[in-house]
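All residue numbers for the sequence shown refer to this note's numbering, where the first residue is -8 and numbers rise by one. Ideal placement from N, C-alpha and C gives every residue a C-beta, glycine not left out. Structure first, then comments.
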Amino acid sequence: MTGGIPVAIFVFFIFIILGFYAASYETWHDEHVLRNVVETKLQRTKADSTAIDAIATLIDEAEAIQLTFITTDNAELIRDQYADWFARTNKLLIETLGASYGTTFRSAPGVMNIPMTHSVAGGGIWQAIEGKKIALNGIISDLRRSK
């Protein structure tokens, strides 16, 4: 019987050691998972901030196109500037945020206002730009909410 007590004590200590090891592993694992979640969130926040800044720049460009139209009343110029801006904006949205953001941008309806005493052809593009700016501002709001 005396041989059984040291074995029982030995087994008891083994269980204690294994228990500490398991608890340490769980703590390490939980900290590792948490660290990965935080790092992923920080990377996403940085990517979202970069996308927000890029979209804000595109909104500024759209406003500059509109201002040029106001001062020149040149329908051909606004058409050409809009075509270039539209293509670059659509490409940026798809490449940085995904196809659904490109679709949101492309399908944004125009806003029914037009600068007085300006050409109707240029005014139609003006309306399209206004609608696209609203969609882009909505995308920025969406990205800010997801942070």
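May I have the straight-line CA-CA distance separating TYR73 from ASP39, to the nearest angstrom?
-> A direct Cα-to-Cα measurement between TYR73 and ASP39 gives close to 25 Å.
Would you decide whether GLU121 is buried or exposed? Buried here means 16 or more other CB atoms lie within 10 Å of its CB.
-> buried
Run the CB neighbour count on THR80, radius 10 Å, all protein chains shown included, and call it buried at 16 or more, exposed below.
-> Per the 10 Å Cβ criterion, buried.
Contact under 9 Å by Cβ, PHE60 with TRP117 | yes
Alpha-carbon to alpha-carbon, THR48 and GLY129 = 15 Å
Under the rule that 16 or more other beta-carbon atoms within 10 Å means buried, what is ILE0, buried or exposed?
-> exposed
Name the two residues that bound the continuous alpha helix (DSSP H) containing LEU127.
-> 111 to 136
Three-way DSSP call (helix, strand, coil) for ASN104 in this model = coil
Would you mind giving the Cβ-Cβ distance between ALA42 and LEU88, rounded to the nearest angstrom? I have them listed as a contact below 8 Å.
-> 6 Å
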